[in-house]
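*Asks:*
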Amino acid sequence: GENVEQHPSTLSVQEGDSAVIKCTYSDSASNYFPWYKQELGKRPQLIIDIRSNVGEKKDQRIAVTLNKTAKHFSLHITETQPEDSAVYFCAASNNAGNMLTFGGGTRLMVKP
Amino acid sequence: DTAVSQTPKYLVTQMGNDKSIKCEQNLGHDTMYWYKQDSKKFLKIMFSYNNKELIINETVPNRFSPKSPDKAHLNLHINSLELGDSAVYFCASGSTGTSTQYFGPGTRLTVL
């Protein structure tokens, strides 16, 4: 089955700096890679996703890159703000039952 | 206009009891899921239902029995609760083929 590794587990940055979270996956059949943001006590919320036919996708301060050959994908947040502080999860799916396999999460802390 | 809703939000019960968690989605999706998030924040798929039929059962003990009366509902019944069942349980929904999933607010289950 799929295995998704996520690094780092915690990340502390100064407000205004950039943050990068990296994930690797094992199943070469995976073709969908979403990122979720989970604030304390709240539900995971989809913030951006990328499919395997695209190498990069951007939405305002958030971007995701995908390297299918190396089987890794990354989340980039620029100009971080305190409200970006949360746990971020990457995930991978190969459409088999639409099952998502999640990484272990990254706790991002943005210091004002 | 809540898209995916769960009840109850909190559930505190004694070991050995039987309890149910309800989930409803009004997004018109045909697939619904149950995830378990443990104290270390790991998110793991438990079940997936497509059009009221079980698609995925990720080696969950048979004390856990999902029931889908229609496409908009997926309830989770747990028999003989154990201490290790304490976690946050998230329901999610999505459409076949897109892999995009939207999460409910979660149910925090505490077994004493």
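Residue numbers (our numbering), protein chains in the order written: chain A, 885 to 996; chain B, 1089 to 1200. Glycine included, C-beta positions come from ideal geometry on N, C-alpha and C.
Please confirm whether residue 887 of chain A has its beta-carbon closer than 9 Å to some beta-carbon of chain B.
*Replies:* So, not an interface residue.
*Asks:* Under 9 Å between C-beta atoms, does residue 1099 of chain B make it to chain A?
*Replies:* Judged by the 9 Å Cβ criterion, residue 1099 of chain B is not in contact with chain A.
*Asks:* Report the rounded CA-to-CA distance for residue 892 of chain A versus residue 921 of chain A, giving the unit in angstroms.
*Replies:* Distance between the alpha carbons of residue 892 of chain A and residue 921 of chain A is about 15 Å.
*Asks:* With H, G and I counted as helix, E and B as strand and the rest as coil, what does DSSP make of residue 1172 of chain B?
*Replies:* Of the three classes helix, strand and coil, the one that applies to residue 1172 of chain B here is helix, per DSSP.
*Asks:* What residues of chain B sit near residue 892 of chain A, judged by a beta carbon separation below 7 Å?
*Replies:* Near residue 892 of chain A there are no residues of chain B at all, since even the closest Cβ is about 14 Å away, more than 7 Å.
*Asks:* Distance check for residue 1121 of chain B and residue 937 of chain A, CA to CA, integer angstroms please.
*Replies:* Answer to the nearest angstrom: the Cα atoms are 26 Å apart.
*Asks:* Just how far apart, CA to CA, sit residue 1200 of chain B and residue 989 of chain A?
*Replies:* If you take the alpha carbons of residue 1200 of chain B and residue 989 of chain A, they lie about 27 Å apart.
*Asks:* Would you mind giving the Cβ-Cβ distance between residue 964 of chain A and residue 958 of chain A, rounded to the nearest angstrom? I have them listed as a contact below 8 Å.
*Replies:* With a Cβ gap of about 15 Å, residue 964 of chain A and residue 958 of chain A do not count as contacting.
*Asks:* Look at the alpha carbon of residue 886 of chain A and the alpha carbon of residue 1189 of chain B, and state the distance between them as a whole number of angstroms.
*Replies:* Each residue's Cα considered, the two are about 18 Å apart.
*Asks:* Note the first and the last residue of the continuous beta strand (DSSP E) segment covering residue 928 of chain A.
*Replies:* It is not in any beta strand (DSSP E) - residue 928 of chain A carries neither H nor E in the DSSP assignment.
*Asks:* List, in chain order, every chain D residue whose beta-carbon is nearer than 9 Å to that of residue 930 of chain A.
*Replies:* Absent from the structure is chain D; the protein chains it does hold are A and B.
*Asks:* Let me confirm a value: residue 898 of chain A is counted as buried when at least 16 other C-beta atoms fall within 10 Å, else exposed. Which label applies?
*Replies:* Exposed.
*Asks:* Going by the beta-carbon positions, is the gap between residue 1197 of chain B and residue 1103 of chain B smaller than 9 Å?
*Replies:* No; because the gap between Cβ atoms is not below 9 Å, this pair is not in contact.
*Asks:* Would you grab the beta carbon distance between residue 1131 of chain B and residue 928 of chain A for me? Rounded to a whole angstrom, and I think it's under 8 Å.
*Replies:* The pair is a contact, with the Cβ atoms about 7 Å apart (cut-off 8 Å).
*Asks:* Does the segment 1106-1121 of chain B come within contact of the segment 1158-1170 of chain B, defined as at least 3 CB pairs closer than 8 Å?
*Replies:* Contact between the segment 1106-1121 of chain B and the segment 1158-1170 of chain B is present, because at least three Cβ pairs lie under 8 Å.
*Asks:* Can the beta-carbon of residue 1101 of chain B be found less than 9 Å from the beta-carbon of residue 1164 of chain B?
*Replies:* Their beta carbons are not under 9 Å apart, which means residue 1101 of chain B does not touch residue 1164 of chain B by this criterion.
*Asks:* With a threshold of 9 Å between beta-carbons, can residue 955 of chain A be considered close to chain B, or not?
*Replies:* So no, residue 955 of chain A is outside the interface.
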